[in-house]
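4 protein chains.
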Amino acid sequence: MPEMPSPRGRRKEARPSEIISAAFALFAEKGYAATKMEDIARAAGVSRGTPYLYFTNKEELFKAMLRDMLLPKLQEGEARLLAMAHLSAGEQLCALLQMWWQLQGETPLAALPKLMIAEAGNFSEVAEMYQKEFIEPGDAMIRALLQKGIASGEFRPLDVEYALTAICAPVVMAMVMRHSLTCCLPAEFDGRRYIQTLCDLLLQGLRAREKA
Amino acid sequence: MPEMPSPRGRRKEARPSEIISAAFALFAEKGYAATKMEDIARAAGVSRGTPYLYFTNKEELFKAMLRDMLLPKLQEGEARLLAMAHLSAGEQLCALLQMWWQLQGETPLAALPKLMIAEAGNFSEVAEMYQKEFIEPGDAMIRALLQKGIASGEFRPLDVEYALTAICAPVVMAMVMRHSLTCCLPAEFDGRRYIQTLCDLLLQGLRAREKA
Amino acid sequence: MPEMPSPRGRRKEARPSEIISAAFALFAEKGYAATKMEDIARAAGVSRGTPYLYFTNKEELFKAMLRDMLLPKLQEGEARLLAMAHLSAGEQLCALLQMWWQLQGETPLAALPKLMIAEAGNFSEVAEMYQKEFIEPGDAMIRALLQKGIASGEFRPLDVEYALTAICAPVVMAMVMRHSLTCCLPAEFDGRRYIQTLCDLLLQGLRAREKA
Amino acid sequence: MPEMPSPRGRRKEARPSEIISAAFALFAEKGYAATKMEDIARAAGVSRGTPYLYFTNKEELFKAMLRDMLLPKLQEGEARLLAMAHLSAGEQLCALLQMWWQLQGETPLAALPKLMIAEAGNFSEVAEMYQKEFIEPGDAMIRALLQKGIASGEFRPLDVEYALTAICAPVVMAMVMRHSLTCCLPAEFDGRRYIQTLCDLLLQGLRAREKA
DNA sequence: GATGAATGAGCGTTCATTCAT
DNA sequence: CATGAATGAACGCTCATTCAT
Chain A
13 MPEMPSPRGR RKEARPSEII SAAFALFAEK GYAATKMEDI ARAAGVSRGT PYLYFTNKEE
73 LFKAMLRDML LPKLQEGEAR LLAMAHLSAG EQLCALLQMW WQLQGETPLA ALPKLMIAEA
133 GNFSEVAEMY QKEFIEPGDA MIRALLQKGI ASGEFRPLDV EYALTAICAP VVMAMVMRHS
193 LTCCLPAEFD GRRYIQTLCD LLLQGLRARE KA
Chain B
13 MPEMPSPRGR RKEARPSEII SAAFALFAEK GYAATKMEDI ARAAGVSRGT PYLYFTNKEE
73 LFKAMLRDML LPKLQEGEAR LLAMAHLSAG EQLCALLQMW WQLQGETPLA ALPKLMIAEA
133 GNFSEVAEMY QKEFIEPGDA MIRALLQKGI ASGEFRPLDV EYALTAICAP VVMAMVMRHS
193 LTCCLPAEFD GRRYIQTLCD LLLQGLRARE KA
Chain C
13 MPEMPSPRGR RKEARPSEII SAAFALFAEK GYAATKMEDI ARAAGVSRGT PYLYFTNKEE
73 LFKAMLRDML LPKLQEGEAR LLAMAHLSAG EQLCALLQMW WQLQGETPLA ALPKLMIAEA
133 GNFSEVAEMY QKEFIEPGDA MIRALLQKGI ASGEFRPLDV EYALTAICAP VVMAMVMRHS
193 LTCCLPAEFD GRRYIQTLCD LLLQGLRARE KA
Chain D
13 MPEMPSPRGR RKEARPSEII SAAFALFAEK GYAATKMEDI ARAAGVSRGT PYLYFTNKEE
73 LFKAMLRDML LPKLQEGEAR LLAMAHLSAG EQLCALLQMW WQLQGETPLA ALPKLMIAEA
133 GNFSEVAEMY QKEFIEPGDA MIRALLQKGI ASGEFRPLDV EYALTAICAP VVMAMVMRHS
193 LTCCLPAEFD GRRYIQTLCD LLLQGLRARE KA
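As structure tokens, then:
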């Protein structure tokens, strides 16, 4: 009988992550304020007081949850990008967007952008963390690709910062819509085809014109 | 004594819209849950009880506010688009994005996307209204342009629905960031230059290749 | 119909003092921690939320209550003492102790010493206020009498500070016992006779021996 | 290996008294309500659940602690008083007050009066025990001395019960102040000098007048 | 016996809503 | 109509107590 979900005295070290998982799901679905600590506790299969054994209060649980969600993902992306160094800037850019979608857009992490957009105003500390730990590094990768492509003549000269925003927005917005305005997405939304369409658009849009 | 903002004898018909304005500003800034009815009343210069004379409860005020914000804007856009019928599809698309930015992105209405993203999950009725009254008509305009451009050979054939999402996302995301993750926007963000960069990218990205 | 205890919209300015009265009675009887805000509200005839309209939280209510109880009483005592300036130091001392008993020991204020003893450790700010606003001025009066009596030869020389403590203690302790260890007081305790006995003891105890 | 304070194998019989010691220190310092069972357990060096192996609940622990503190002390006082039988009533009274101070006022037991004053109202059973086991016997000794002194003409006739209260109060109050309103005691309070001053005052105050 | 993770009743506090004036 | 004092349900959090190990 390996499994014994006895209500008392269970696996201690699993608790925090179970609570964080429940918190993530509920915060992502309903937002910070509309999520009750009791909901989280029940979703995690524990009693009202248990979350407080591991997290000082609701706000700290929220922040801890974000930390847990954000941090472990980025190294993977950076490592993968290195393996593409031999490709052209355009190929690397498309590979990066696809990877981004697969690592975040197709996983529960896709809920994060919506959550951050909704709560950043009320949790500036969290917003800063999100930006520093997650957005900045991601932006840096794409920015480097754009600069490299422009320098090599593969891409035409563009305002890099604005292009960066315009390139990321479709990926982020697709995640947002999967978790918020679902009605605004095509009924049978296929994320990979969507990213492919985006890449087609961007690749031709960025390319330097052939001198006839 | 033409107008005297006496506490009682003010133009009464203005009350509801003053309350709605205050509600809009506060809901947009802090979200639904974090906005107190008392804050709205105070911001509108009325007492705690007055909003309830015009709106059944907080949720109805929220919905009424959204209706008031959304509906009056769309006719204007549609009218303007008609005047561009003589332009090419690409020119019309750029003109439309610029107009969109000017009519919403540069006005207080830019706060709406963030608000909808944050609250759609808790107010499905509101989300449906937003989609039907605001997003659908806007999407329809752009969809029509894309189809027309493809049909005429000006644009290359693309998956219209996915392209549509990818085209709108950068505009929407810029509005969101102005109201939520401000840190993620370039410090001196110039919306019109941003839209221009986006149009450059899209126009070339959409164009059909010249044969030969 | 002058009285109309309608549950809503009643005499506003009476509320804070009604709440303070209820709080005083309950805090004095049960101590700070064992007194629930709900008890206070019910005792004051209001609902759970009403005390918070007038006092930030339980602690502030406690402090406000003490301020209200302490401050108004001292001027009266000082004024009365002035009227006794023509008496001997011993006569003044006895008159002062009797007055003290009548102004505090026989009124609800007699509950204060017990309350302060019980809570001073957990509310140092309150304890300081109590000492500064209440004890210090009272001590100063008695100290001055002792010094005057010693200087004039009416009292024999004594360590004034220790005598001061020993003189006040019986008065304070009688108040404490009326509200706490009631069992330790004679069954038919007559405060005025008690003070008289104390004065007899003190007057003779303090008197300088007649030479010869 | 004569003694090794290993976490488990410690002398078990000591557990309850270690818990009582910790409880006494904390209850005396912070009061009943503000003292958490967990604090007591930690201070006693045991785990959260251990106190419940020896005491039914917090209230029983409180009562057991008081019993343990109170009972063992009184025999000693009575024995010592017997040894003074040859002294005058006044000398015996002073010796008794000094002994009282030394046996209680200068030991941790000095914390008891404050604790009893604070909690008697919420624990009438405890208050009765305190009075019966501690106060009554002490009062009886002093009462007997007063009666004897009056009968022999050493003391003038006084209301014995009230004098009794007035005589004990300064001793008790000094203990209270050391643990509660410390600010109200002279900065360098010397208990023995204080008792001496009190005795000077009382001896002269009680003495029968010499018939001139 | 001893542990400490877990429980859940209970309290302080907030705020949407009401209604006497 | 407008006010704002009052209400009371609901939620965050604490801590005495339990019990599987």
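Chains as they are written, first to last, in our numbering: chain A, 13 to 224; chain B, 13 to 224; chain C, 13 to 224; chain D, 13 to 224. For every residue, glycine included, the Cβ atom is placed at its ideal position computed from N, Cα and C. A quick note: this is a predicted structure, and the numbers were derived from the prediction, not measured.
A direct Cα-to-Cα measurement between histidine 191 (chain D) and alanine 122 (chain D) gives close to 8 Å.
For valine 138 (chain C), the nearest beta carbon of chain D is not closer than 8 Å to its own beta carbon. Counting C-beta pairs with one atom in each stretch, the segment 178–196 of chain A and the segment 170–189 of chain B have three or more that are closer than 8 Å, which means they touch. No Cβ of chain B is located within less than 8 Å of the beta carbon of glutamine 114 (chain A).
Shortest Cα-Cα distance from arginine 79 (chain A) to any of A:Ala186, A:Leu215, A:Met141, A:Asp202 involves A:Met141. Of the residues B:Ser29, B:Glu90, B:Val172, B:Ala45, the one whose Cα lies closest to the Cα of phenylalanine 67 (chain B) is B:Ser29.
Taking C-beta atoms as the reference points, leucine 108 (chain C) and leucine 157 (chain C) count as a pair closer than 8 Å.
Spatial neighbours of valine 138 (chain C) in its own chain (CB-CB distance under 8 Å, excluding positions within 5 residues in sequence) are listed in chain order as Phe74, Lys75, Leu78, Met128, Glu131, Ala132. The alpha helix (DSSP H) runs lying completely inside the segment 76–160 of chain A and spanning 4 residues or more are 101–112, 124–131, 136–142, given in chain order.
With respect to chain B, the C-beta atom of proline 182 (chain A) has a partner C-beta closer than 8 Å. Here the segment 104–119 of chain B makes no contact with the segment 43–53 of chain B; the two share fewer than three CB pairs at distances below 8 Å.
With fewer than 16 neighbouring CB atoms inside 10 Å of its own CB, glutamine 87 (chain C) falls in the exposed class. Leucine 218 (chain C) is positioned such that its CB atom lies closer than 8 Å to that of arginine 168 (chain C). Any Cβ of chain C closer than 8 Å to the Cβ of glycine 117 (chain D) would place that residue at the interface, and such an atom is absent. Listed along the chain, the chain A residues whose CB falls inside 7 Å of the CB of alanine 130 (chain B) are Gly43, Ile129, Ala130. Only residues of its own chain outside the window of five on either side were considered, and among them Gly89, Glu90, Leu93, Leu108 have a CB closer than 8 Å to the CB of methionine 153 (chain B), listed in chain order.
Linking glutamate 25 (chain D) to isoleucine 32 (chain D) through their CA atoms gives a straight-line distance of about 12 Å. Among the CB atoms of chain A, none fall inside 8 Å of the CB of cysteine 106 (chain B).
The alpha-carbon of aspartate 212 (chain B) is positioned some 20 Å away from that of glutamate 118 (chain B). For arginine 219 (chain C), the pairing in a beta bridge is given by DSSP as C:Phe167. One Cα belongs to proline 84 (chain B), the other to glutamate 148 (chain B), and the distance between them is close to 15 Å. Under a criterion of Cβ atoms nearer than 7 Å, the residues of chain B adjacent to glycine 217 (chain A) are, in order, Leu213, Leu214, Gln216, Gly217. Put simply, the CB of proline 120 (chain B) is far from chain A, with every gap to its CB atoms at 8 Å or more. Only residues of its own chain outside the window of five on either side were considered, and among them Ala123, Leu127 have a CB closer than 6 Å to the CB of alanine 40 (chain B), listed in chain order. Here glutamate 25 (chain A) carries a coil assignment [DSSP, helix/strand/coil]. For leucine 193 (chain D), there is no enclosing alpha helix (DSSP H), as DSSP marks it with neither H nor E. A Cβ-Cβ distance of about 20 Å is found for the pair serine 164 (chain C) and alanine 95 (chain C), leaving them out of contact under the 8 Å criterion. Against chain B, the CB of tyrosine 66 (chain A) has no partner CB under 8 Å away; the residue lies outside that interface. Interface flag for leucine 170 (chain C) against chain D is set, since a Cβ pair is found closer than 8 Å.
Here tyrosine 206 (chain D) is near alanine 186 (chain D), since their CB atoms are less than 8 Å apart. Taking 8 Å as the cut-off, the beta carbon of glycine 61 (chain A) is found no closer than this to the beta carbon of asparagine 134 (chain B). Distance from the CA atom of alanine 45 (chain A) to the CA atom of glycine 57 (chain D), rounded to whole angstroms, is 40 Å.
The beta carbons of alanine 181 (chain A) and proline 125 (chain B) sit no closer together than 8 Å.
Annotation for arginine 54 (chain D): the continuous alpha helix (DSSP H) segment containing it runs 49–55. For glutamate 173 (chain C), the closest alpha carbon among the candidates C:Val184, C:Asp151, C:Gly161 is that of C:Asp151. A Cβ-Cβ contact shorter than 8 Å links leucine 105 (chain C) with leucine 214 (chain C).
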